[in-house]
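Everything on this sheet refers to the single structure shown next.
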Amino acid sequence: MAGALAGCSDCQNQILDSAWSPTGALKAMVFHRECGATVGFNTQIAIVPAGASAGIVGNVVIVDGKSAARVKWLSERTLLVENLGSGRVFKKEGEIEGVAIRYEP
145 MAGALAGCSD CQNQILDSAW SPTGALKAMV FHRECGATVG FNTQIAIVPA GASAGIVGNV
205 VIVDGKSAAR VKWLSERTLL VENLGSGRVF KKEGEIEGVA IRYEP
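Pasting the structure below:
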């Protein structure tokens, strides 16, 4: 899925990958976020409830630069993040709102 979402007035999110949880209640999204010339590109991953789209920020992962990360649900409460890359990590959660996050290179 590709597209752009406005995260705030000066920021743009470009969706790179997304996956619905098995029941469709949650959506995991990988996106590049750009907030103008003073802040570089970063890659973020968010888990959001069904229907959420605007104002999304990374609540699972935030890494510096562009990453080719992909997401896949292993169950309703387990998300697999693959190919995160080697950028500087600003945020990397192991669990969020009852969802366990697993990482594989």
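Residues 145 to 249, numbered by my numbering, are exactly what the sequence shown covers, in order.
All C-beta atoms in this analysis are idealised placements derived from N, C-alpha and C, irrespective of residue type, glycine included.
Since this is a predicted model, take the numbers as computed values, not measurements.
- Judged by DSSP in its simplified three-state form, Thr187 adopts strand.
- Within the DSSP secondary-structure output, Leu218 pairs in no beta bridge.
- Distance from the CA of Val205 to the CA of Ala190, rounded to the nearest whole angstrom, comes to 7 Å.
- Cβ atoms of Gly209 and Asn186 come within 8 Å of each other, at about 7 Å.
- Within 10 angstroms of the beta-carbon of Leu218 lie fewer than 16 other beta-carbons, which makes it exposed.
- Straight across, the Cα-Cα distance linking Asn203 with Gln156 is about 16 Å.
- Taking the CA atoms as reference points, Gly238 sits about 12 Å from Glu248.
- Between Glu178 and Ala212, the alpha-carbon positions lie close to 16 Å from each other.
- Asp154 carries a coil assignment under DSSP once its states are collapsed to helix, strand and coil.
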